[in-house]
Structures are given as C-alpha cells and as structure tokens.
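Report on one structure; see the data block that follows.
Residue numbers (our numbering), protein chains in the order written: chain A, 1 to 425; chain B, 1 to 219.
Quick look at the structure:
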C-alpha cells in the first residue's frame, strides 16, 4: 500500500497506547530532556528538545484520545496534523534523533521519550515522511538481503579469505551448532577481522558455531525507519534460519540496533517467543571469560578507552562485561566522563548515519564525543558496534583527531594464542 | 452577595462542585489514559536486581548524576516549591482541621510562623522558576498558554492564603473566601492540564522502569 497522510494518521492512532498517553499527560515542559540530547547541547537550538520532536503525535493524541481534545476538535479549535508538518518533522524525528535514550534516562516524570519516537516513526514512515537514506537501506535489506547490498557470494568470498588467513574453517549452515553467528554489512565490507576473530574465539572455547546462508545480515533498517512490517520480514529470516539449523543461541554482531531489533523487538515483531536465545557477542565473550573458556596472553600497553554503544548499554543492559573484557587485555584502560550507562551517542545511531542530509548536524553533535575524548586523551578508542565505529571514524577525521577506532571482539581475538589446544586439535 | 455570603458559598456549594469535578475529572482522566492498555512484551526478559517499575518510581525523584549542574534552577527551584507546597497544604493547622472534618483523619501541624516562612519560600521559588521559563530558550520554546495558566492557578492559592493569614490588602473574610475560591479553581483545572502529572507521573515512571527492568537496565 502506498504511503499517505491518512495511513500515517491511522498508524499513529494504532500505536498510541497507555504508556504514551501517560507520558504526554505527565510532561510539565521542564526542558530537562534537552540537556540530555547531544543535538541540543551541541547546537543550542531548542527545536532539538526531545519532547518537542513528538509534537504532532502529542496533538493527535490529544485530539483523538482525550475528552477536552475531542471537544476542541469538534468546535474547530484544534490544529490538525498535516502532511507538510510531518515533512517538516522529518529532521527532528530521524536526523536529530539516534534513539540513544539519554532523554528517557533523565526525564523527572519518567517519560520514555525514545519509546515514543520509535512509535512516531511508524506514523512518519506510513505517511511517506521517512528519509530516503533509511528507506533505501530498508528496501535493499528486503530485496537484496542487506542494507548495503551485500549478497551471499560476498559473504562466501570473505569466509574463504578468513579461512586462508586464519587456517580455521568457517562453518556454513551447520545444523545443530550451538551458536549461529550474525554479521552486519559493515563488518562484511569494512571489518572482515570480525569473522576471523569469531573463528579464533570459538575454536579456543571449543564451541560449535555456524553462519546461515539465508540469514547472515543482522541489521534491521525496517526498525530504524519505523516500519514494523519490514522489520518483521527482516527478523523472520533470522528466526527461520535459526530454527532450521536448530541452534541454541543467535549471536548479534557488534551492532547496537541489530541487537535491539533481534533481542527486544524480534519476538514481538513475529508475535511469538523465540525457541532460541539471542545474545550480543560481548555477552557471549563475557560468559566465555567467566567460564574460563577465553584465555588471552599479553596486554595492549597504550592508553585505551571504551565507547559504549547506546543500544548495548543504556538500552540493552550490557555494561559490565565489556569492562571486564577490556581489563583482560588492556593495561592502560581509562574511562571517559559519562562512560557506561550515560555515555554520549556517537551521533549516528537509529539509522541517522544513513541520512546523507544529516551529516553536517551529525558532525556538529560529534563535538560532545570530542570533549569526552579530550578529557582522557586516549591513544585508541575501542567500541562494540560497527556503525558507531564508522561514525566515530568520520567524526575523528573531521576534527583531525588521530585516534584509531577498533572493535573489542577483534582486540580480544588478537590476544588469543595462535597454537591453542582446542578439542580434537 | 456580600462577603459573608461569598464565603459561605465557597465553603458550601462551591467546594462541593469543585471537589466533585476534581474527583470525576481524575477518575475520567485515569480511565482515559490507562484503559488504552499496551501490548504484552514477549521477548525473553533479563532480570537483574534493582531494575523495575517500582524502583524507577522512587529513583526518578532524585536528579541523575550531573544534571543539577546543567539545570540548577529546575532542580533546586522545583524541589523547593514542591516541598513547600506539600508543607503549606498538609502541615498548616487550619488545613488539617479541614481534612479532619472531611476524612476524619488528623496529624500534627507545624507552627504557623514556620508555615509563613514556607509560604514565602514557596512563592519565591515559583517566581524563580517562572523567570527561568521566560529566560531559558528551551523552556520558553516549549511553553504554551497552559504553562502560564497552570503556574497562575498554582500560585494564587499560596498567595491568597498567605495574604489572608497576614491580613494584607483585603478584609480577612474576603481574602479567605478568595483563597478558597482559588483552591477550587485549582481543583477544577488540575485533571485537565499538565498539573495532572501529580497523578500520571507514577504511571509514567512505572512504565519506563518496567520496560527497562525487562531488559535488565536499572534506571
């Protein structure tokens, strides 16, 4: 069905639930959410105040679901939501919101503002007001299989390279494996080290694992754009793959939104609980570390700091494992101000990095990351999200900061001795 | 109507109407909001200690780290006038007598000099947050008629109550009647304005805390 204002309004009316009604009824316009949002703090422009980004949805809520609002609508005192207005709001709902969730963490009346932005995007997308950049990524994921247009042959080619480089076979479609490993396009194209790292780690831990030929892409642009139908199609591929291969656990790659899409939204999208567990690779590494299955040697000696991906930490509850892993291989690990639960977003989450016209704003917002980094002056920056990594690299280059960015999984893998005694080796 | 008749009305019919509209309004609004319901979350939960809706209801009364520094007037002014309002509304001897006559419950009062001071501090804090609303770009940008209106209907009962006790400007009877009338206006508008956060903030914090508790995030 084609997008239209009518459809958008209908979808918005459907997604407005008791939490949203409670949140709108609780807001006292204190503006504290602005202080938590990097797009406001770095620009000083009040239009980026998180709660303001929801204004059209708030009016619709009032007009449709409150007695006074309905009365006002009846006598013609309320301003209807228009297509032009939603078009104008695109910048606020997508370009200047990474769904990072800092606003939801500070709101004194407890409003989960990001929950509302996520729902508002459903209406924006249905009314045809989503940005072309994310639309394209979503469409490519549906038709080709990945947001960056990566197909299975590219994955196979990378598997071959990794097998040659590391001398470890990469299993594909191995039924009954314990773990099914997902990738993000970014890793397939830009960071092939990730797959090699997984192979080394799994070999040392003595765990069975596999890639899946029908479900290798973990990222979900359908969720980012706010289209539950597309998001469901993308998640369903993974569910079908995992069930076909009868794996116990699906590992979300170093990608924040892939994790949220699969771990928290996935079962709700497909409408039934999963028959397998979903874990972020950092959680899996944390478990291996605890169980003594992860043994490293040597240390990084330069000054390292860790950037917490929002969806992993604040929105995902994984905060301590990455720190224990860092300490396992880094002698000089320093924390940035606000690190952990209240870490500042890289500026490119929630699909924002796919929006070309949002780049200038993104780089402006990156100033907050710059000041966090300036406070500790690390030699290298470690993270656990391929999208953060790309956005961080762009920001660092723009501000001429010479700080290489690396993934935690590959850094851990580099410290695994090559001649590991694994089962049957 | 002379001032005695005015006082009698606000104490009699006026109060009945106001309390009636307030109670029906609160019930109506609570049903209007919470009957919308929400979908059950069927993703596997990850429980950790200290993360739940109830935790968040309490925790959000405290400022998150670093936030007081970012917006001191909001926090210090906000705490001051909320606590001040609580003191003057619930710990002033004549108010407690009213509650006793209405609900049969009473509790110890604070000395009236202390209530005087609390009223003055409350009004001062309210003026400060109003000035902040006018001066701060974000607050000014967010402000609508409702924000100025609700500030006024909250401020007037404190002002008229204090002036009645101090015998300022108007005869005591008239000022007392105006005080009661201003409280009645506050009661009538509370369910239909942002003042309703006094009720919904518990639900909002609970929802936020529950969603995050499901993910094992203590917020």
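Heads up, the beta-carbon is just placed ideally off N, CA and C, and yes, glycines get one too.
Presumed contact (8 Å Cβ cut-off) between residue i and residue j, rounded CB distance
i, j, result
"residue 256 of chain A", "residue 310 of chain A", "6 Å"
"residue 412 of chain A", "residue 296 of chain A", "7 Å"
"residue 46 of chain B", "residue 203 of chain B", "In fact, because the Cβ distance is near 24 Å, the residues do not count as touching under 8 Å."
"residue 92 of chain A", "residue 53 of chain A", "4 Å"
"residue 142 of chain A", "residue 182 of chain A", "With 8 Å as the limit, residue 142 of chain A and residue 182 of chain A do not qualify as a contact, their Cβ atoms being about 17 Å apart."
"residue 236 of chain A", "residue 270 of chain A", "6 Å"
"residue 138 of chain A", "residue 282 of chain A", "Their Cβ separation, rounded to whole angstroms, is 26 Å, which puts residue 138 of chain A and residue 282 of chain A out of contact at 8 Å."
"residue 368 of chain A", "residue 326 of chain A", "Not quite, the Cβ-Cβ distance comes to about 22 Å (not below 8 Å), so this is no contact."
"residue 196 of chain A", "residue 162 of chain A", "5 Å"
"residue 329 of chain A", "residue 300 of chain A", "6 Å"
"residue 407 of chain A", "residue 389 of chain A", "7 Å"
Chain B within 8 Å of residue i, Cβ atoms only
i, result
"residue 266 of chain A", "yes"
"residue 317 of chain A", "yes"
"residue 257 of chain A", "no"
"residue 421 of chain A", "Here residue 421 of chain A scores only 46 on pLDDT, less than 50, and its place in the model should not be relied on; the value that follows carries that caveat. No, residue 421 of chain A does not count as interfacial toward chain B."
"residue 425 of chain A", "Note that residue 425 of chain A scores 39 on pLDDT, short of 50, meaning its location in the model is unreliable; the coordinates nonetheless yield the value given after this. It does not; no Cβ of chain B falls within 8 Å."
"residue 66 of chain A", "yes"
"residue 50 of chain A", "no"
"residue 179 of chain A", "no"
"residue 272 of chain A", "yes"
"residue 511 of chain A", "Residue 511 of chain A is absent from the model: chain A starts at 1 and stops at 425."
"residue 323 of chain A", "no"
Rounded straight-line distance, which links the Cα of residue j to that of residue i
i, j, result
"residue 108 of chain B", "residue 76 of chain B", "27 Å"
"residue 41 of chain A", "residue 93 of chain B", "46 Å"
"residue 261 of chain A", "residue 69 of chain B", "35 Å"
"residue 2 of chain A", "residue 332 of chain A", "55 Å"
"residue 28 of chain B", "residue 13 of chain B", "22 Å"
"residue 185 of chain B", "residue 102 of chain A", "37 Å"
"residue 210 of chain A", "residue 241 of chain A", "11 Å"
"residue 175 of chain A", "residue 230 of chain A", "27 Å"
"residue 130 of chain A", "residue 225 of chain A", "6 Å"
"residue 74 of chain A", "residue 62 of chain A", "12 Å"
"residue 59 of chain A", "residue 294 of chain A", "53 Å"
"residue 287 of chain A", "residue 278 of chain A", "13 Å"
"residue 11 of chain A", "residue 18 of chain A", "16 Å"
"residue 421 of chain A", "residue 206 of chain A", "Residue placement at residue 421 of chain A is flagged as unreliable, the pLDDT there being 46, under the threshold of 50; a coordinate-derived value is accordingly withheld."
"residue 51 of chain A", "residue 88 of chain B", "32 Å"
"residue 250 of chain B", "residue 304 of chain A", "Past the edges of chain B, shown from 1 to 219, lies residue 250 of chain B, and the structure says nothing about it."
"residue 148 of chain B", "residue 134 of chain B", "10 Å"
"residue 106 of chain B", "residue 100 of chain B", "5 Å"
"residue 196 of chain B", "residue 291 of chain A", "51 Å"
"residue 308 of chain A", "residue 109 of chain A", "26 Å"
"residue 227 of chain A", "residue 128 of chain A", "11 Å"
"residue 395 of chain A", "residue 117 of chain A", "25 Å"
"residue 90 of chain B", "residue 96 of chain B", "6 Å"
CB contact check: residue i to chain A, cutoff 8 Å
i, result
"residue 180 of chain B", "no"
"residue 11 of chain B", "no"
"residue 79 of chain B", "no"
"residue 64 of chain B", "yes"
"residue 33 of chain B", "yes"
"residue 42 of chain B", "yes"
"residue 71 of chain B", "yes"
"residue 68 of chain B", "no"
"residue 50 of chain B", "no"
"residue 17 of chain B", "no"
"residue 172 of chain B", "no"
"residue 153 of chain B", "no"
"residue 36 of chain B", "yes"
"residue 84 of chain B", "no"
Residue i at chain E interface by Cβ criterion, 8 Å
i, result
"residue 16 of chain A", "The structure shown contains no chain E; its protein chains are A and B."
Name the residues in the stretch 109–127 of chain A whose C-beta lies less than 8 Å from a C-beta of chain B; which are they?
109, 110, 111, 112, 115
Taking any Cβ of chain B, which residues in the stretch 34–46 of chain A have a Cβ under 9 Å from it, in chain order?
34, 35, 36, 40, 41, 44, 45, 46
Which parts of the stretch 120–196 of chain A are runs of the beta strand (DSSP E), unbroken and 3 residues or longer, counting only runs that do not cross its ends?
179–181
Near-chain A residues of the stretch 192–203 of chain B - C-beta to any C-beta below 7 Å:
192, 194, 196, 197, 200, 201, 203
Which runs of the beta strand (DSSP E) spanning at least 3 residues fall entirely within the stretch 351–388 of chain A, listed in chain order?
380–383
Can you give, in chain order, each stretch of the alpha helix (DSSP H) that sits fully within the stretch 112–190 of chain B and has at least 4 residues?
112–135, 137–142, 145–166, 172–189
Going along the stretch 81–106 of chain A in order, which residues come within less than 7 Å of chain B, judged by CB to CB distance?
With the criterion set as a beta carbon lying under 7 Å from some beta carbon of chain B, the members of the stretch 81–106 of chain A are 104, 105, 106, in sequence order.
Going along the stretch 134–148 of chain B in order, which residues come within less than 7 Å of chain A, judged by CB to CB distance?
136, 137, 138, 139, 141, 142, 143, 147
At what residue ranges does the stretch 65–99 of chain A contain a whole run of the alpha helix (DSSP H), taking only runs of 4 or more?
67–74, 83–90
Members of the stretch 357–391 of chain A near chain B, C-beta cut-off 9 Å
Answer set for the stretch 357–391 of chain A: empty.
Pull out every residue of the stretch 22–33 of chain A whose Cβ sits closer than 8 Å to any Cβ of chain B, in chain order.
Flagged, chain order: 22, 23, 25, 26, 27, 28, 29, 30, 31, 32.
Any C-beta of chain B within less than 7 Å: which residues of the stretch 230–243 of chain A qualify?
Listed by position along the chain: nothing, the set is empty.
For the stretch 289–317 of chain A, which residues have a beta carbon sitting closer than 9 Å to at least one beta carbon of chain B?
Taking 9 Å as the Cβ-Cβ cut-off, the stretch 289–317 of chain A approaches chain B at 313, 314, 315, 316, 317, given in chain order.
4-residue-minimum alpha helix (DSSP H) runs that sit fully inside the stretch 301–350 of chain A, ordered along the chain:
320–329
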